[in-house]
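Protein chains: 2
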Amino acid sequence: MAIAPALIGLDWGTSNLRAYLIGDNGAILDRLEAPSGVMNWGDRGPAAAMESLVGCWLDAHASLPVIAAGMIGSRQGWREAPYVDCPADAAGLAARMVSVEFRGNRRLHIVPGLKCHGDDGVPDVMRGEETQVVGGMTCEAADQQWIVLPGTHSKWVEVGDGRIQRFASFMTGELYDILGKHSILCRLMEGEGFDGQAFESGVRRATTAGGLLRQIFSARTLPLLNELLNASVASYLSGLLIGAEIEGASQWLGISGGTEARVTVLAGPMLASRYVCALTIKGITASVGPTDAAALGLLRIGRIGHLL
Amino acid sequence: MAIAPALIGLDWGTSNLRAYLIGDNGAILDRLEAPSGVMNWGDRGPAAAMESLVGCWLDAHASLPVIAAGMIGSRQGWREAPYVDCPADAAGLAARMVSVEFRGNRRLHIVPGLKCHGDDGVPDVMRGEETQVVGGMTCEAADQQWIVLPGTHSKWVEVGDGRIQRFASFMTGELYDILGKHSILCRLMEGEGFDGQAFESGVRRATTAGGLLRQIFSARTLPLLNELLNASVASYLSGLLIGAEIEGASQWLGISGGTEARVTVLAGPMLASRYVCALTIKGITASVGPTDAAALGLLRIGRIGHLL
Numbered sequence: 001m002a003i004a005p006a007l008i009g010l011d012w013g014t015s016n017l018r019a020y021l022i023g024d025n026g027a028i029l030d031r032l033e034a035p036s037g038v039m040n041w042g043d044r045g046p047a048a049a050m051e052s053l054v055g056c057w058l059d060a061h062a063s064l065p066v067i068a069a070g071m072i073g074s075r076q077g078w079r080e081a082p083y084v085d086c087p088a089d090a091a092g093l094a095a096r097m098v099s100v101e102f103r104g105n106r107r108l109h110i111v112p113g114l115k116c117h118g119d120d121g122v123p124d125v126m127r128g129e130e131t132q133v134v135g136g137m138t139c140e141a142a143d144q145q146w147i148v149l150p151g152t153h154s155k156w157v158e159v160g161d162g163r164i165q166r167f168a169s170f171m172t173g174e175l176y177d178i179l180g181k182h183s184i185l186c187r188l189m190e191g192e193g194f195d196g197q198a199f200e201s202g203v204r205r206a207t208t209a210g211g212l213l214r215q216i217f218s219a220r221t222l223p224l225l226n227e228l229l230n231a232s233v234a235s236y237l238s239g240l241l242i243g244a245e246i247e248g249a250s251q252w253l254g255i256s257g258g259t260e261a262r263v264t265v266l267a268g269p270m271l272a273s274r275y276v277c278a279l280t281i282k283g284i285t286a287s288v289g290p291t292d293a294a295a296l297g298l299l300r301i302g303r304i305g306h307l308l
Numbered sequence: 309m310a311i312a313p314a315l316i317g318l319d320w321g322t323s324n325l326r327a328y329l330i331g332d333n334g335a336i337l338d339r340l341e342a343p344s345g346v347m348n349w350g351d352r353g354p355a356a357a358m359e360s361l362v363g364c365w366l367d368a369h370a371s372l373p374v375i376a377a378g379m380i381g382s383r384q385g386w387r388e389a390p391y392v393d394c395p396a397d398a399a400g401l402a403a404r405m406v407s408v409e410f411r412g413n414r415r416l417h418i419v420p421g422l423k424c425h426g427d428d429g430v431p432d433v434m435r436g437e438e439t440q441v442v443g444g445m446t447c448e449a450a451d452q453q454w455i456v457l458p459g460t461h462s463k464w465v466e467v468g469d470g471r472i473q474r475f476a477s478f479m480t481g482e483l484y485d486i487l488g489k490h491s492i493l494c495r496l497m498e499g500e501g502f503d504g505q506a507f508e509s510g511v512r513r514a515t516t517a518g519g520l521l522r523q524i525f526s527a528r529t530l531p532l533l534n535e536l537l538n539a540s541v542a543s544y545l546s547g548l549l550i551g552a553e554i555e556g557a558s559q560w561l562g563i564s565g566g567t568e569a570r571v572t573v574l575a576g577p578m579l580a581s582r583y584v585c586a587l588t589i590k591g592i593t594a595s596v597g598p599t600d601a602a603a604l605g606l607l608r609i610g611r612i613g614h615l616l
């Protein structure tokens, strides 16, 4: 017997719009994607961008709720869903959703982002990741759990008592990108092929004396002095930056290796395997969370918010 | 009585060629500069680039020695002067100069760069800075002295027993540059005007928990949440990066604040004042070295090498 669709879920970020037709049991029945993010929809606006991608789903399933998360709820999005303060749980996010009308009588519900202030006064924000975290939280979570969402601006999230307690962002992916494209390293890098040994060496070196600004420079001097192949510079740099991120995040969140520290990685296969590898080197037990955490999170928030 | 010129000194880097007509007492009698660095001389080559800038000095002072330091001695330069290993002193550098002929019977002497391996196996190199360090070393130096040369790739140098013992490079200036031009921060930054309070706040925050990748992200979230003016983001980022450099370098070199730590800064007025300010915040006593350290170093190396 076919599973009936229960929700149209949208993961709507800066660059892309990812759409999921989600079954009642969390199964992904269909998926669509378009480069129609908040910065890309141009003159036609968000309603037309949504219709263009999922118009056929909206026609075929006239009574299904539609929920979106991500930059669509930012000031530059369709309608602003103001940040909710940490700690926050799925019910708190559901209660603070905003909605916009389309096709006359239908509504798009938008999940708000999260805001948090570190002990050191550093503020932080996320939009979209909170929904992935809700999808990636283990259910029997009276325990503490840490969730990392690697990416352009990696997020490290502390979950406890079923709530998102606090989080911090790290500019890892963006720094990797601009160092590879615009710094003196770009002339030394030959290809993006993965060299596991160079990656591991980068992870280990990330925590040696001198700090990250010195270690990044070693990605220049090592190949210059023939101690690293040019084809391995990208892997080494990736290891340095991911290693520095894990070091900084562990310190900030108080995660120490060797204990029963449990980190869940929410990412695609390539990044997930690099993070699991780097965490293992640091002695931290890591596992990979569900691939479609965003869809699972939208379903859970929709259900708690009585939209389905 | 006019001081007689003793040396034509060239500080010849990647982008620029700076020339000094130097008196016997170290006074700069004349100076010239052209964008004729190793990467910029194009088809005409180094001899023509030199003649074009200092041909009149070469005519007027036919017996003066000519000494150059910097990337001119690299593989991409005029003639390679292989790196000398640390520890090294002015006599060691003088002994390893190479030379090229020009105008038939004249010679350009080229000071070699320095190479050093950290305790952690990270190799490092410099070309040009070693000559500035020789010019910036205090003479009664049986004591330990640290010299910092801020810039695109800042160098921290430990001097002891009259020798350069070891050094490390930090990618501070280049990272500041590419973050301001190519990252998400560039849209937030309004101008390069200096805000001393934002700079100080960046310096202090650089050493808080989470590490540099998190702190750089705070340069985005603080203005986003109206806790930092957009006009102050550049100063804040500068403080974060310089603070992280000083933290890493102090750790690597074993410099602790409060003691009789003496750091000499060799830089132009703007950068020198930022470093002195940041070092002072960290409790490290700092002073600014001679402005024309390169010229002083060339004179000292030339004298020890019996070229004048």
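Chains U and G are the protein sequences, given in the same order. My numbering puts the first sequence at residues 1 to 308. My numbering puts the second sequence at residues 309 to 616. Just so it is clear, CB atoms sit at the ideal spot from N, CA and C, and this is done for glycine as well.
Within chain G, the residues that residue i reaches when beta carbons sit closer than 7 Å
i                      : result
residue 129 of chain U : What residue 129 of chain U touches in chain G: nothing, since even the nearest Cβ is about 13 Å away.
residue 112 of chain U : Those do not exist, as residue 112 of chain U stays about 15 Å from chain G at its closest Cβ, beyond 7 Å.
Close Cβ partners of residue i (< 8 Å) along its chain, the five nearest in sequence each way excluded
i                      : result
residue 159 of chain U : 133, 137, 141, 144, 145, 146, 147, 165
residue 323 of chain G : 343, 345, 347, 348
residue 326 of chain G : 318, 319, 320, 339, 340, 341, 602
residue 412 of chain G : none
residue 598 of chain G : 443, 444, 574, 604
residue 432 of chain G : 423, 424, 425, 426, 475, 476, 477
residue 405 of chain G : 375, 389, 417, 418, 419, 420, 609, 613
Residue i classed as buried or exposed, judged by whether at least 16 other C-beta atoms fall within 10 angstroms
i                      : result
residue 540 of chain G : buried
residue 396 of chain G : buried
residue 614 of chain G : exposed
residue 364 of chain G : exposed
residue 161 of chain U : exposed
residue 523 of chain G : buried
residue 150 of chain U : buried
residue 379 of chain G : buried
residue 101 of chain U : exposed
residue 115 of chain U : buried
residue 287 of chain U : exposed
Closer than 9 Å at the beta carbon, the chain U residues around residue i
i                      : result
residue 519 of chain G : 170, 211, 212, 244, 245, 247, 248, 249, 251, 252
residue 461 of chain G : 184, 217, 220
Spatial neighbours of residue i in its chain, beta-carbon cut-off 6 Å, leaving aside the 5 residues before and after
i                      : result
residue 292 of chain U : 28
residue 250 of chain U : none
residue 374 of chain G : 316, 416
residue 219 of chain U : 185, 233, 236, 237
residue 172 of chain U : 154, 241, 245
residue 126 of chain U : 113, 114, 155
residue 359 of chain G : none
Simplified DSSP assignment, three categories, for residue i
i                      : result
residue 385 of chain G : coil
residue 123 of chain U : strand
residue 274 of chain U : helix
residue 544 of chain G : helix
residue 552 of chain G : helix
residue 57 of chain U  : helix
residue 490 of chain G : helix
residue 505 of chain G : helix
residue 89 of chain U  : coil
residue 375 of chain G : strand
residue 419 of chain G : coil
residue 192 of chain U : coil
residue 411 of chain G : coil
Interface partners of residue i on chain G, CB under 9 Å
i                      : result
residue 223 of chain U : Under the 9 Å cutoff, chain G gives no residues; its nearest Cβ is about 10 Å from residue 223 of chain U.
Under 7 Å from the C-beta of residue i: neighbouring residues of chain U
i                      : result
residue 526 of chain G : 122
residue 516 of chain G : 120
Under 8 Å from the C-beta of residue i: neighbouring residues of chain U
i                      : result
residue 433 of chain G : 221, 224, 225
Other residues of its chain near residue i: CB distance less than 7 Å, five sequence neighbours each side excluded
i                      : result
residue 203 of chain U : 239, 242, 243, 278, 281
residue 228 of chain U : 198, 222, 236
residue 362 of chain G : 316, 327, 340
Residue-chain proximity (residue i, chain A), Cβ-Cβ < 7 Å
i                      : result
residue 316 of chain G : Judged by its chain identifiers, the structure shown contains no chain A, and its protein chains are U and G.
(request) Using a Cβ-Cβ cut-off of less than 8 Å, list which residues of the region 156-182 of chain U approach chain G; keep chain order. (result) 168, 169, 170, 171, 172, 174, 175, 178, 179, 181, 182
(request) Could you please tell me which residues of the region 490-508 of chain G, in chain order, have their CB closer than 7 Å to any CB of chain U? (result) 490, 491, 492
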